[in-house]
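Everything below concerns the one structure shown next.
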């Protein structure tokens, strides 16, 4: 049974009703597609998950050349490469091609050693996309269409604006409380509406609710077409093996995130570009899949609430936030200033004796680099010696911020939004 609920309009000034075929940028929901293409090559014996990346891309480099031969294909696909994964967003190469990605990693900051910690990496997927191009001998979008989109009958999905414009497309909007939404003609790190070639494997797919349900049927083991199987059942199962569980809520498989605190093992991925928010999920044990797409900057809170409701209804277990830690330990080891690609993060203890404040100051952009819009400070409370729960803002309440489990005497890093930020040396 497929249930669709389509609400809203494509454009505040030129409105058409949203339907299940309306196209949206799905951003990082592209990553499981890229991972599937790599796994298809693994199944064909053309590379191994534990191959060194340099074995196939000799130009690949890491910061200071420290780990050039240590980074593996598996680490790319499970966000365990250890370097700053947003380098290509903040400082994109002049040549916006996947060919530029492997060497560009030499200028990224190494946050932790490869294979030691999960830290979300868009750049790792750009390198994986180049790996696909080299082994397949064709551009990433062509390989994506041939191996996945056509077999799964995802007929409207594409990566280019000149393809999308033939169909109904949802425009992105800025939404602020109490004000009329504004159509966003610009915004984001990309130069135009579509994402550039270097970002396509990480975030470049444009798709619809209908097409994405075709995709998720494959992940539930029952594609709508008998020939629509980009991977064997064994290859699909291998991608779903958890590579790391990095906090009580979240783990990471190959290409897919794995949520543990919802009453069932929920494979999922989110996606965010300027004005678009997407979420896909599937729960094999419940034979359940879902797609949520919005064309507003305020979509994140809606996605979180609706996805929890869907899973709770299906599993019979409602989501419960973590319980604050009592008694409250000394907060000093957590406080300090941490570096991230998207700004300096200042963590300080609040006067109530139980809470931490996490505030981000964006880096300067006079050198032409890119930074996201400002965000409001977060109030945290510890729910475990190594994890703090966000209490405010309400839109992300219940999410976790992780801290280095071995402070000596202070935490060397924190992880927020899946990304590690490292303590500033004093």
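Numbering (my numbering), first residue to last: 139 to 564. Quick reminder that beta carbons are idealized off the backbone N, C-alpha and C, glycines included. Fair warning: this is a prediction, and the values are worked out from it, not measured in the lab.
Taken through DSSP and simplified to helix, strand or coil, residue 484 comes out as strand. The closest CA to that of residue 500, considering only 236, 477 and 154, is found on 477.
In the DSSP assignment, residue 345 forms a beta bridge with 162. Assignment of residue 146 by DSSP, reduced to helix, strand and coil, places it in the coil class. When only Cα atoms are considered, residue 199 and residue 421 end up about 38 Å apart.
Distance from the CA of residue 287 to the CA of residue 495, rounded to the nearest whole angstrom, comes to 44 Å.
Taking C-beta separations shorter than 6 Å and ignoring five residues to either side along the sequence, the partners of residue 342 in its chain run 168, 297 and 333, following chain order.
Residue 162 sits away from residue 406, with the two beta carbons spaced by 8 Å or more.
Apart from the 5 residues on each side of it in sequence, residue 515 sits with its Cβ closer than 7 Å to the Cβ of 495, 496 and 497 in its chain, given in chain order. A direct Cα-Cα distance of roughly 16 Å separates residue 460 from residue 389. Under the DSSP assignment, residue 397 falls in the beta strand (DSSP E) whose first and last residues are 395-397. Within its own chain, the residues whose Cβ lies closer than 6 Å to the Cβ of residue 384, once the five positions on either side in sequence are excluded, are 256, listed in chain order. Of the residues 412, 380 and 541, the one whose Cα lies closest to the Cα of residue 404 is 380. Between the C-alpha atoms of residue 248 and residue 221 there is a straight-line separation of about 4 Å. Collapsing the DSSP output to three states places residue 539 in a strand.
DSSP, read as helix, strand or coil, puts residue 259 in coil.
Between the region 264-279 and the region 187-195, the count of C-beta pairs closer than 8 Å reaches three or more; the two stretches touch.
Counting only residues of its own chain and dropping the five nearest sequence neighbours on each side, residue 308 has a CB closer than 6 Å to the CB of 148, 160, 162 and 433.
The DSSP-derived three-state label of residue 441 is helix. With contact defined as three or more Cβ pairs closer than 8 Å, the region 268-278 and the region 366-374 are not in contact. Between the region 290-306 and the region 201-217 there are fewer than three C-beta pairs closer than 8 Å, too few to call the two in contact. Residue 152 counts as exposed, since fewer than 16 other beta carbons sit within 10 angstroms of its beta carbon. Residue 527: member of the beta strand (DSSP E) spanning 525-530, first to last residue.
For residue 378, DSSP assigns no beta-bridge partner whatsoever. Taking a cut-off of 8 Å on C-beta distances, the region 462-476 touches the region 533-551, as three or more cross pairs fall below it. Look at residue 352 here: in three-state DSSP terms it is helix.
Between residue 463 and residue 356, the beta carbon gap of about 41 Å keeps them out of contact (Cβ cut-off 8 Å). By the neighbour-count criterion, in which a residue is buried when 16 or more other Cβ atoms sit within 10 angstroms of its Cβ, residue 387 is buried. Taking the Cβ atoms as the reference, residue 523 lies roughly 6 Å from residue 467, within the contact range of under 8 Å. Beta-carbon to beta-carbon, residue 401 and residue 449 are separated by about 7 Å, close enough to satisfy the 8 Å threshold. For the set 284, 437 and 227, the Cα lying nearest the Cα of residue 146 is the one of 437. Around the beta carbon of residue 493, 16 or more other beta carbons lie within 10 angstroms, which makes this residue buried.
Beta-carbon to beta-carbon, residue 412 and residue 326 are separated by about 3 Å, close enough to satisfy the 8 Å threshold. For the options 563, 562 and 555, the alpha carbon positioned closest to that of residue 223 is the one of 555. Cβ contact annotation for residue 519 (same chain, cutoff 7 Å, sequence separation greater than five): 462, 492, 493, 526, 527 and 529, in chain order. CA-CA distance, residue 171 to residue 368, rounds to 10 Å.
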